[in-house]
Amino acid sequence: VYAKHQSQDVENGKLADSNNGTVAVDDDIAATTTRRRRSLKAKPVRVLLRRLLVMSLVAAVLVGLGAVVWYFLGWVSLVQLVLVAVVAYIAAGNYRWFYVVFKTAPRDLRALFKYIRLLIEVKSFQRKDVTLADIFRQNVKRHPNKPCILFEDQAWTFAQVEEYSNRIANLFKSHGYKKGDRVALFLENKPEFVCTWLGLSKLGVITPLINTNQRLSSLVHSLTIAKAQAVIFGIELADAVTEVLDKIESKVALYQLSCSSNVGLTDQKFHNLDVLLKDVPDTPPQITDKLGHHDCIVYIYTSGTTGLPKAAVINTSRYIFIAGAIHWMCGFTSKDIFYTPLPLYHTAGGCMTVGQMLIYGSTIVIRKKFSASGYFADCRKYKCTIAQYIGEMCRYILAVPPKDSDTDHNLRMIFGNGLRPQIWKEFVDRFNIPKVGEFYGATEGNANIVNVDNTVGSIGFMSRIIPAVYPISVIKVDPHTGEPVRDARGLCMPCAPNEPGVFIGKIIPNNPSRAFLGYVDKEASEKKIVHDVFQHGDSAFLSGDILVADEFGNLFFKDRTGDTFRWKGENVSTSEVEAVISNLVDYKDVVVYGVVVRGQEGRAGMAAVLDPDETVDLNKLVEGVKKTLPSYARPIFIRILRKIDLTGTYKLKKNDLQSEGFDPSKISDNIYYLESSTGVYGKLTPEIYDKINDGSVRV
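Quick note: the sequence shown, position 154, residue 154 per UniProt numbering, numbers continuous.
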């Protein structure tokens, strides 16, 4: 019974049980649990107040002592005494703390002010127990005729989005769907995408947002783990649905959407959603279920870089916090026009940008698929003021030949995650970008940060002055296993400045900024939680990413745990090597990983480069890696790919490449190896492959 209730809690957007506790059935135990949660929630505030009190007392004592010295010895003696104390403190090497405070106080205080405004807004929504549809409806009332979604040559107003979403809600209500049911959405970017899941949320129906690149087993997996009772899909994806008809339950209802009433069904098993919506009222649905602020609205799947996607639970509270955090921290306004070519089934596009429209009444511009050459052309066409990027997009855009119109735009900021430090300045200078809002975060996580002061290469910061306000940290981990390193008390150990470690966010239940809702899969959720972090009984979300914080608290991405491999007794960061090689091969797609060589300790570096026309200059490449990479980090093997699989967020899939290794008899692509005698890349043949494995050819 407990497991059943626990599963329902996760699916309805309630907290993943991070402590594996037993269910409290006794009123006293429940009250104790509530008090403990309130205590955890209030702890950062209490710590801050306690520090301020101590500092005030110390300041009062020092002022009192100064007054005594002044009274008995005069002001000259007081000045001399202060100067001696300051010189002694600096001589002891403690001046750096003052320097750090001086450098970071403006940043931290500005961010604190924005964070407080965010919390006030979040608390207000929480207190009113509003849904996302409620908030959007207020924006519709304010400006019904304002452009809401711009797509190709279409311009949907706020009123039109509201009316279409109401039709969706009324139709599915008439078909018997109710709060807690799950209707999957398998649709390319278009205005109907947002309207559909928004309409379903008005019934309390949860919408799993399915990656449109998924086919066969991965598509079946996503529908199965979400326990979808119906699927709404675009006509352009009808073939993908047809392929898995025999693998999904026959009772799953299938609704085809063509966004045109003139297009017929591709299969008689499908319902024609366009026709069904014609005669449905566009007024708000009348429902009996009570909808609230903590109800789940969508499942957003992880990108699937390390296996099959996992469905992360997103409730209204979480959605508002994600969109609100980037809004306040980056300084967005309701007058901004946002451009996103990102897929709307992921958090970046579907929450961060769409959320600006739903919550703050901004206009958004969406595109069916990303185009490097069309990125700034679209920004000019729609007069966008904010543009979004992710992953490798900036590198693709930078690879487009320069034009006179590169700086002809109205952008005041770009925001996203994945802008590599190696191309950051070049991109900003070429396209005249005033500000970059680089952020870091995971769909399911609570360790989310933003670069608020334009620091090149930084993905955000953690305060060195008031860390308790937003409890995130970088902890020491074993470089081989990724497991946290613990001290004699069994607690995690924070990293020193410039020391790499895994990024974590403290879990505080019922606090939107600190909660961890986890995945639909309970077991997968538990793997992302680390217990007994800085005190026994606490817990934190384990990001799995290796970051470095400098002495000012600026955070920089290093690698993902598991992506670092060891060669010649040294750790090799795949992301750093990928960035270097990509620059050397004219910004082509590159993925770096370690492969096992028989008889060798560790893994040899291998770089797979997407180059269908084989235009890569291997001599230029080898000279470049010799100049920029230490010997142990230079790839031993180069694989020239004719094609490469990317996730929907333009991340590279490396598991399959890694498992294929470097055997030329099993791989159709050309493979080259770094000859130890000549120092150049030579063609790897089956004969040389055998000699490398028997040790007669050294690598």
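Using N, Cα and C, we set each Cβ at its ideal position, and we do this for glycine too.
TODO: Following the continuous alpha helix (DSSP H) through F193, name the residue where it begins and the one where it ends.
DONE: From DSSP, the alpha helix (DSSP H) with F193 extends over 191 to 201.
- Message: Between I459 and D108, how many whole angstroms is the CB-CB distance? I'm expecting something under 8 Å.
- Response: Contact flag wrong, Cβ pair sits at about 17 Å.
task: Taking all protein chains shown into account, decide if S539 is buried (16 or more other Cβ within 10 angstroms of its Cβ) or exposed.
output: S539 is classed as buried because its beta carbon has at least 16 other beta carbons within 10 Å across all chains shown.
Work out the CA separation of D336 and A111 for me, nearest whole Å.
-> Distance between the alpha carbons of A111 and D336: 21 Å.
So, is A496 buried or exposed, given that buried needs 16 or more other C-beta atoms within 10 angstroms?
Flag for A496 reads exposed.
Next on the checklist: Is it buried or exposed, Q160, if we count other Cβ atoms within 10 angstroms and call 16 or more buried?
Outcome noted: By the 10 Å Cβ count, Q160 comes out buried.
Exercise. For G544, I'd like the list of residues in its chain whose CB is within less than 8 Å of its CB, leaving aside the five on either flank, ordered along the chain.
Key: Excluding positions up to five away in sequence, the list reads G482, V502, K528, R560, T561, G562.
Fill in: Residues near Y396 by beta carbon distance below 6 Å, same chain, minus five either side
Spatial neighbours of Y396 in its own chain (CB-CB distance under 6 Å, excluding positions within 5 residues in sequence) are listed in chain order as A372.
Worksheet item: On the three-state DSSP scale, how would you describe V592?
Response: Correct three-state label for V592: strand.
Exercise. Mark G695 as exposed unless 16 or more other C-beta atoms lie within 10 angstroms of its C-beta, in which case mark it buried.
Key: By the C-beta density criterion, G695 is exposed, having fewer than 16 other C-beta atoms within 10 angstroms.
Review point. DSSP beta-bridge partners for R486?
Key: The partner list for R486 (beta bridge, DSSP) reads C492.
On the premise that F541 lies in contact with G445, defined as a C-beta separation below 8 Å, what is that separation, rounded to the nearest angstrom? The beta-carbon distance between G445 and F541, rounded to whole angstroms, is 5 Å. This is short enough to meet the 8 Å contact definition.
Would you report the Cα separation of residue 709 and L53, rounded to the nearest angstrom?
With the chain represented from 1 up to 699, any question about residue 709 goes unanswered, as that position is not in the structure.
### Query
What first and last residue would you give for the alpha helix (DSSP H) that runs through G324?
G324 -> alpha helix (DSSP H) spans 316 to 330.
Original post:
How many Å lie between A468 and Y593 at the Cα?
Top reply: Between A468 and Y593, the C-alpha separation is close to 37 Å.
Using only the alpha-carbon positions, how far apart do A387 and H409 sit? The C-alpha of H409 is placed about 11 Å away from the C-alpha of A387.
query = Do you know offhand how far V596's Cα is from K123's?
reply = Approximately 52 Å, taken between the alpha carbons.
Let me confirm a value: G361 is counted as buried when at least 16 other C-beta atoms fall within 10 Å, else exposed. Which label applies?
Buried, because 16 or more other Cβ atoms sit within 10 Å of the Cβ of G361.
Per DSSP, the bridge partner or partners of F439:
The partner list for F439 (beta bridge, DSSP) reads V450.
Stretch pair the region 135 to 148 + the region 338 to 348: three plus CB contacts closer than 8 Å: Two segments are said to touch when three or more pairs of C-beta atoms, one from each, lie closer than 8 Å; by this definition the region 135 to 148 does not touch the region 338 to 348.
- Task: Tell whether a beta-carbon distance below 8 Å holds between A169 and L209.
- Result: The criterion of a C-beta distance shorter than 8 Å is not satisfied by A169 and L209.
*Exposed or buried, which one is D429 when buried takes at least 16 other CB atoms within 10 Å?*
By the neighbour-count criterion, in which a residue is buried when 16 or more other Cβ atoms sit within 10 angstroms of its Cβ, D429 is exposed.
Starting from the C-beta of V244, find all residues in its chain whose C-beta is less than 6 Å away, skip the five residues before and the five after it, and write them out in chain order.
For V244, same chain residues with a beta-carbon under 6 Å away, outside a window of 5 residues either side, are L219, V220 in chain order.
**Asked** Skipping 5 residues on each side, what residues in its chain have a beta carbon closer than 8 Å to that of Y689?
**Response** Cβ within range, chain order: F662, D663, P664, S665.
For the beta strand (DSSP E) that contains F552, what are its first and last residues?
Element bounds for F552: n/a, residue is neither H nor E.
*Pick from C330, G553, A633, F516 that is closest to residue 757, judged by C-alpha positions*: This structure gives no information on residue 757, because the portion of the chain shown stretches from 1 to 699.
Checklist entry - By DSSP, does M357 sit in helix, in strand, or in coil? => result In this structure, DSSP gives M357 a helical state, which the three-state scheme calls helix.
Worksheet item: Rounded to a whole number of angstroms, what is the C-alpha to C-alpha distance between T363 and F332?
Response: C-alpha separation (whole angstroms): 12 Å.
Query raised in the report: Can you give the Cα-Cα distance for V79 and A59, rounded to whole angstroms?
Result: One C-alpha to the other measures close to 17 Å.
So which of N417, L57, L411, L419 has the shortest CA-CA distance to P434?
The candidate whose alpha carbon is nearest that of P434 is L411.
Pop quiz: V280 and Y255 are said to be a contact at Cβ under 8 Å. What is the actual Cβ separation, rounded to whole angstroms? At roughly 13 Å, the Cβ-Cβ gap does not stay under 8 Å, so V280 and Y255 are not in contact.
With DSSP run on the structure shown, which of helix, strand or coil describes P664? If DSSP states are grouped into helix, strand and coil, P664 belongs with coil.
Item checked: Minimum C-alpha distance to K278 - residue among K202, Y519, L171 -> Considering only K202, Y519, L171, the residue with the shortest C-alpha distance to K278 is L171.
Rounded to whole angstroms, what's the CA-CA distance from C195 to G505? Just pull it up for me. Taking the CA atoms as reference points, C195 sits about 33 Å from G505.
**OP:** Within 10 angstroms of the Cβ of N554, are there 16 or more other Cβ atoms? Answer buried if so, exposed if not.
**Re:** Buried.
Just mark Y99 as buried or exposed, buried being the case when its beta carbon has 16 or more other beta carbons within 10 Å.
-> Counting Cβ neighbours within 10 Å, Y99 comes out exposed, since fewer than 16 surround it.
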